[in-house]
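The block underneath contains the structure these notes are about, expressed in structure tokens.
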Amino acid sequence: VTLTNSISILELFHGPTMAFKDVGARFMARCLGYFNKENTQEVTVLVATSGDTGGAVAHGFLGVKGVQVVILYPSGKVSDIQEKQLTTLKKNITALEVNGTFDDCQAMVKQAFLDESITNHKQLTSANSINVARWLPQMFYFMFAYKQLKNKHEKLVFSVPSGNFGNICAGMMAQQLGLPVAHFVASNNANKVVTEYLLTKNYEPKPSVQTISNAMDVGNPSNFVRIEAIYNNDFQYLKQHLSSYSFTDTQTINALKELYNEYNYVADPHGAVGYLGAKEYLKERPDSHVVFLETAHPTKFLDVVE
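Following the numbering used here from start to finish, the sequence shown increments by one per residue and tops out at 1133.
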């Protein structure tokens, strides 16, 4: 979707749960269902969610034979619609509400994979972005966006609302495979570990802060180690390809209003953060064309958008 001469929107909410994670989750579900059909032992998919992953995984794996799904989500830190998408499906889907943060949920999942008392009698796999079958398919839509814009713009930049950094990392993998992307912008909310790292060279995970863009409330993004590996653990090389900005809830709300009042476009809070990142980058590089990712449908965050 064209917003201005220098900004476009990549809408990723046209799947069944209205979030970008439908792409990777449904790909993985189909693959696991196919490759596991000869296996007599049931596979348990264990996943932590800050909002959208759980719903996409639940719907993607619903009814897949030989697969049980267990979803951990932080109490009071997902939207009403997100929670309903997790908890109302039954069948082979179990959702567990955790009295803690997304980082706590993610730590519990990682601990389970290392616990031999579980893994000795349960066949576990993950549907978080730590699983490449969930993560790598997300490269596709960066290529899809480039295909539509390649004849119009030379310097194509992606502004990605970033929490656990899996989405932007998939774009970077596409770049490594030859996709001609000039730069990536990690657009953060108040959880700004990577923004501060690029300023100070000091990577310091922190407890997550609750914001209105809740799917990005991650204080220790697990995919950032992949990003460092992609760029050979070279800080200067990384900075050539990645910028990062953080924005407050007030700035996010103002961006939602601006998108609606000036462009008649209704965004969700995460997309609004991506829009802010695009604008910030264009101040430095006005000759670029920035695509910001609209990662979820605004109806998933009605309380904020209204």
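The beta-carbon is built from N, C-alpha and C at its ideal position, and this holds for glycine as well.
Residue from the options whose Cα sits closest to the Cα of residue i
| i | options | result |
| --- | --- | --- |
| residue 904 | 953, 1074, 1003, 929 | 929 |
| residue 890 | 1116, 867, 917 | 917 |
| residue 781 | 1031, 1013, 1039, 1094 | Outside the displayed range of the chain (828 to 1133) lies residue 781, so it cannot be described from this structure. |
| residue 1015 | 1001, 1121, 989 | 989 |
| residue 922 | 946, 876, 947, 1072 | 876 |
| residue 899 | 976, 919, 931, 892 | 931 |
| residue 834 | 979, 852, 1079, 1064 | 979 |
| residue 822 | 939, 1000, 946 | Residue 822 is absent from the model: the chain starts at 828 and stops at 1133. |
| residue 895 | 863, 878, 906 | 863 |
| residue 842 | 1060, 879, 1073, 1088 | 879 |
Helix, strand or coil at residue i [DSSP, three-state]
| i | result |
| --- | --- |
| residue 978 | coil |
| residue 1074 | coil |
| residue 902 | coil |
| residue 986 | strand |
| residue 1037 | coil |
| residue 938 | helix |
| residue 992 | coil |
| residue 945 | helix |
| residue 965 | helix |
| residue 834 | strand |
| residue 952 | strand |
| residue 1015 | strand |
| residue 894 | strand |
| residue 920 | strand |
| residue 841 | coil |
| residue 1009 | coil |
Cβ neighbours of residue i in the same chain (closer than 7 Å, five flanking residues each side left out)
| i | result |
| --- | --- |
| residue 991 | 956, 1045, 1048, 1049, 1050 |
| residue 1037 | 904, 1044 |
| residue 1082 | 1099, 1102, 1103 |
Residue i burial status per 10 Å Cβ neighbour count (16 or more: buried)
| i | result |
| --- | --- |
| residue 941 | exposed |
| residue 1136 | In the structure displayed, the chain extends from 828 to 1133; residue 1136 sits before or after that span and is not available. |
| residue 912 | buried |
| residue 948 | exposed |
| residue 983 | buried |
6 Å Cβ shell around residue i - same chain, five flanking residues per side excluded
| i | result |
| --- | --- |
| residue 995 | 987, 989, 1011, 1013 |
| residue 1092 | 1086 |
| residue 847 | 839, 1122 |
8 Å CB neighbourhood of residue i in its chain, flanking five on each side removed
| i | result |
| --- | --- |
| residue 1113 | 833 |
Worksheet item: When the Cβ atoms of the segment 1023-1030 are set against those of the segment 992-1011, are three or more pairs found closer than 8 Å?
Response: no
Worksheet item: Are there three or more Cβ pairs, one per stretch, closer than 8 Å when the segment 949-956 is compared with the segment 880-898?
Response: yes
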